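Trainee: Sequence order for the protein chains is A and B.
Under the working numbering, the residue at position 107 of the first sequence is numbered 107, and the numbers go up by one with no gaps.
Under the working numbering, the residue at position 146 of the second sequence is numbered 146, and the numbers go up by one with no gaps.
Next up is a structure, given as structure tokens.
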Amino acid sequence: MHVIRGIRGTFQPFWVTLRNMFRKPVTIQYPEEKQQLPERYRARLILTRDPDGAERCVACHLCSAACPVDCISMQAAEAEDGRRYAAWFRINFTRCIFCGLCTEACPTLAIQVTADFELAGRDLLKLVYEKEDLLVDHCGNDNSYNFYRQSGIGVAAPRGTNPGETPPADVKDLMP
Amino acid sequence: MNEMLVTLALILGKLLFIFGVVLFMAAYLVLAERKILGRMQLRYGPNRVGPFGLMQPLADVIKLLTKEDFVPARADKWLFLIAPGITAVTALLVFAVIPFGPTQEIFGQQVPLVVVDLNIGVLYFLGVSSMAVYGVVLGGWASNSKYSLLGGVRGLSQMVSYELSLGLSLVPVIMMARSFSLTDIVMAQQSLPFMLLNPVAFGVFFICVLAESNRIPFDLPEAENELVGGFHTEYSGMRFGLFFVGEYINMVVLGSLVTVFFLGGWHGPWLPPMLWFLLKVLAVCAMFIWIRASMPRLRYDQLMNLGWKVLLPLTLVNILVTGAVLLGLG
Chain A
1 MHVIRGIRGT
11 FQPFWVTLRN
21 MFRKPVTIQY
31 PEEKQQLPER
41 YRARLILTRD
51 PDGAERCVAC
61 HLCSAACPVD
71 CISMQAAEAE
81 DGRRYAAWFR
91 INFTRCIFCG
101 LCTEACPTLA
111 IQVTADFELA
121 GRDLLKLVYE
131 KEDLLVDHCG
141 NDNSYNFYRQ
151 SGIGVAAPRG
161 TNPGETPPAD
171 VKDLMP
Chain B
1 MNEMLVTLAL
11 ILGKLLFIFG
21 VVLFMAAYLV
31 LAERKILGRM
41 QLRYGPNRVG
51 PFGLMQPLAD
61 VIKLLTKEDF
71 VPARADKWLF
81 LIAPGITAVT
91 ALLVFAVIPF
101 GPTQEIFGQQ
111 VPLVVVDLNI
121 GVLYFLGVSS
131 MAVYGVVLGG
141 WASNSKYSLL
151 GGVRGLSQMV
161 SYELSLGLSL
171 VPVIMMARSF
181 SLTDIVMAQQ
191 SLPFMLLNPV
201 AFGVFFICVL
211 AESNRIPFDL
221 PEAENELVGG
231 FHTEYSGMRF
241 GLFFVGEYIN
251 MVVLGSLVTV
261 FFLGGWHGPW
271 LPPMLWFLLK
281 VLAVCAMFIW
291 IRASMPRLRY
301 DQLMNLGWKV
311 LLPLTLVNIL
321 VTGAVLLGLG
């Protein structure tokens with residue numbers, strides 16, 4: 001039995017390799033053909049806008065705190081109407097490991113991942129993206145969420161007028 | 001005087017022709033091997049440089065030539081520097097005795113299509129091809145690295161265990177051809193190639209040739225997975241390239257030898273003799289590549305067992321049987 005198995009084991013591989021030689025290779029010829037990426041593929045990061053067209057980012061630093069490689073930095077600022085924003089926002093893509101932890105940390109859905117993975121370049125400084133490189137003109141994955149409307153701080157609309165919000169109680173009134 | 005000049009020019013022309021063809025074939029065998037291996041593993045292989053990747057050998061040469069020629073600290077410098085040359089040169093030297101076509105008449109002179117038709121061609125081949133292992137051993141020894149040393153040691157003991165069978169498997173051929181000259185051996189196969197007359201000798205010789213060329217399943221000195229490249233771990237740039245080219249020249253040379261000894265050399269119907277020779281050599285090389293795609297590497301003790309316990313007795317018995325048959329036939 002050992003002999004038969006040995007002989008089969010010696011000659012079968014030749015048949016396998018010969019058969020595979022005439023099959024179509026599974027290789028995807030990358031620059032010409034592109035792979036169909038999964039919907040939730042994690043690559044280049046973007047800063048999205050809310051449905052009203054304003055920036056979502058409130059410069060809370062949570063993403064830079066969550067980042068395991070410390071590639072996100074920003075400077076917080078506040079507008080006259082009380083809306084917080086990032087004076088500058090910088091992601092160093094030479095360091096970024098595309099883990100997506102920043103998007104999970106983000107309370108306003110501002111920072112999101114895209115499927116654009118073609119970031120390679122010879123000049124490393126060109127991979128340090130500033131706010132204007134990161135900011136896009138759409139809402140990303142969520143078309144309805146607007147942080148200031150949901151949290152009711154009174155920036156986007158007066159208090160008590162946001163969706164699902166009851167008017168604030170008048171503390172000087174005794175009526176229920 | 002004039003005749004001598006013509007003779008000299010013819011010899012030089014033959015040398016240039018052989019150098020050109022063998023090196024060209026070695027360069028494109030690398031590409032062919034990578035392509036065929038790729039297709040057998042459902043990949044494309046190199047297809048970026050030039051149409052179908054045909055310029056890949058050129059790109060490889062440019063890359064190897066422009067790389068740093070690195071000598072490791074405390075390496076045996078001179079041995080380290082000459083070892084790759086030994087591998088490549090010995091492989092080329094063997095080709096001197098290989099006849100690749102029948103005698104031609106050029107400029108009114110009878111020109112045998114072989115550099116020198118030595119009357120001890122077989123012994124010359126055995127001697128010179130055994131020298132090739134010095135490249136492996138000295139390179140491994142001089143690198144001052146344990147992986148390289150292990151590779152060199154393996155190469156040496158592998159050589160000892162297959163070289164005997166390699167030589168002895170040729171004895172029936174010499175007995176049947178009644179000559180040590182490779183041209184005479186080819187001439188003796190005019191009607192039937194020795195592969196059909198003596199398949200056992202062919203099988204043993206083919207296995208030994210695989211071992212001689214340090215290829216899978218006998219690439220123990222190299223063994224990328226265990227020895228990270230074995231004897232050429234420490235080599236870089238064109239010195240690594242010389243080892244590499246030497247291996248592929250060896251493939252061409254050993255393919256030619258299999259053709260000469262067993263496949264009937266340039267004999268064949270319809271096609272011109274030199275084309276037949278080329279086709280047979282390419283077929284043997286394709287077989288080498290196919291084997292590389294299909295077989296695993298033998299373990300060290302398995303190689304020893306195969307060499308000493310199977311191949312050697314088999315060749316000895318084969319010599320006796322062949323002798324008896326030849327005597328019986330008169």
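For each residue, glycine too, the CB sits at the ideal point set by N, CA and C.
Bear in mind the structure is a predicted one, so any value in this text is a computation, not a measurement.
1. For A/T108, count neighbouring C-beta atoms within 10 Å of its own C-beta (all shown protein chains included) and say buried if the count is 16 or more, exposed if not.
2. Just the chain B side, please: which residues come within less than 7 Å of A/R23 by C-beta, in chain order?
3. Note down, in chain order, every chain A residue with its Cβ under 7 Å from the Cβ of B/W290.
4. From the DSSP secondary-structure annotation, give me the bridge partner or partners of A/W179.
5. Give every residue of the same chain whose Cβ lies closer than 8 Å to the Cβ of B/N119, excluding the five residues on either side of it in the sequence, and list them in chain order.
6. Quick one: grab the DSSP three-state call for B/R154.
7. Let me see if you follow: with CB-CB separation under 8 Å, is A/V26 close to chain B or not?
8. What is the residue span of the beta strand (DSSP E) that B/L11 lies within?
9. Apart from the five residues just before and just after B/N47, which ones in its own chain have a Cβ nearer than 7 Å to its Cβ?
10. I need the straight-line Cα distance from B/A211 to B/M159, nearest angstrom please.
11. Could you tell me whether any Cβ in chain B is nearer than 8 Å to the Cβ of A/N20?
12. Using CA coordinates, which residue listed in B/M175, B/F231, B/M187 is at the minimum distance from B/I319?
13. Looking at C-alpha atoms only, which residue of A/P31, A/R19, A/W88 is the closest neighbour of A/S73?
14. What is the rounded straight-line gap between the Cα of B/M187 and the Cα of B/V6?
15. Quick one: any contact between the segment 8-17 of chain B and the segment 233-240 of chain B, if contact means 3 or more CB pairs under 8 Å?
16. Does the pairing of the segment 128-142 of chain B with the segment 184-203 of chain B give three or more beta-carbon distances under 8 Å?
17. Check whether the Cβ atoms of A/L174 and A/C106 lie closer than 8 Å to each other.
18. May I have a chain-ordered list of the beta strand (DSSP E) segments no shorter than 3 residues that lie completely inside the segment 166-230 of chain B?
19. Based on the DSSP secondary-structure assignment, which residues constitute the bridge partners of A/R49?
20. Is the CB-CB distance between B/I249 and B/A88 below 8 Å?
21. Mind checking which residues open and close the beta strand (DSSP E) that includes B/I62?
22. Name the chain A residues that come within less than 7 Å of B/W293, Cβ to Cβ?
23. Given a limit of 8 Å on CB to CB distance, which residues of the segment 202-215 of chain B reach chain A?
24. B/L242 and B/P331 - do their beta-carbons sit closer together than 8 Å?
25. Do you know how far the Cα of B/L42 is from the Cα of A/T17?
26. What is the residue span of the beta strand (DSSP E) that A/V69 lies within?
27. Can you give the Cα-Cα distance for B/M295 and B/S256, rounded to whole angstroms?
28. Is A/Q29 near the ligand NAP, going by C-beta to nearest heavy atom under 7 Å?
29. Between B/R39 and chain A, is the shortest Cβ-Cβ distance under 8 Å, so that the two count as touching?
30. Between which residues of its own chain and B/T90 is the CB-CB distance below 6 Å, once the five residues before and five after are set aside?
31. Pick out whichever of B/G323, B/A293, B/F277 has its Cα sitting closest to the Cα of B/I98.
32. In chain order, what residues of the same chain lie with their CB nearer than 8 Å to the CB of B/K67, ignoring the 5 residues before and after it?
33. Which residues mark the beginning and the end of the beta strand (DSSP E) in which B/V111 is found?
34. By the three-class DSSP mapping on this structure, what secondary structure does A/I4 have?
35. I want to know whether the segment 14-33 of chain A touches the segment 283-298 of chain B - three or more CB-CB distances under 8 Å.
Mentor: Well, looking at it:
1. buried
2. L42
3. F14, T17
4. Look at the range of chain A in this structure, 1 to 176, and you will see that residue 179 of chain A is not part of it.
5. S179, F180, S181
6. helix
7. So yes, A/V26 belongs to the interface.
8. This sequence places Ile at residue 11 of chain B; Leu is not what is there. Run containing B/I11: none in the beta strand (DSSP E); it sits in the alpha helix (DSSP H), 2-40.
9. G53
10. 8 Å
11. So, interface residue.
12. Proximity to B/I319 across B/M175, B/F231, B/M187 peaks at B/M175, based on C-alpha coordinates.
13. A/W88
14. 27 Å
15. no
16. no
17. no
18. The qualifying runs do not exist here; there are none.
19. A/E55
20. Judged by beta-carbon spacing, B/A88 lies within the 8 Å limit of B/I249, meaning their Cβ atoms are closer than that value.
21. Element bounds for B/I62: not the beta strand (DSSP E) but the alpha helix (DSSP H), 56-66.
22. The sequence shown places Ala at residue 293 of chain B, rather than the Trp named in the question. Those within 7 Å of B/A293 in chain A are T17.
23. Residues: none.
24. Residue 331 of chain B is absent from the structure shown; chain B starts at 1 and stops at 330.
25. 9 Å
26. That residue, A/V69, is in no beta strand (DSSP E); it is neither H nor E in DSSP.
27. 23 Å
28. Absence of the ligand NAP is noted for the structure shown, with no ligands found whatsoever.
29. yes
30. V128, M131, A132
31. B/F277
32. When the five nearest sequence neighbours on each side are left out, the beta carbons in the same chain lying within less than 8 Å of the beta carbon of B/K67 are those of S236, G237, M238, in order along the chain.
33. 109-111
34. Here A/I4 sits in helix by DSSP.
35. yes
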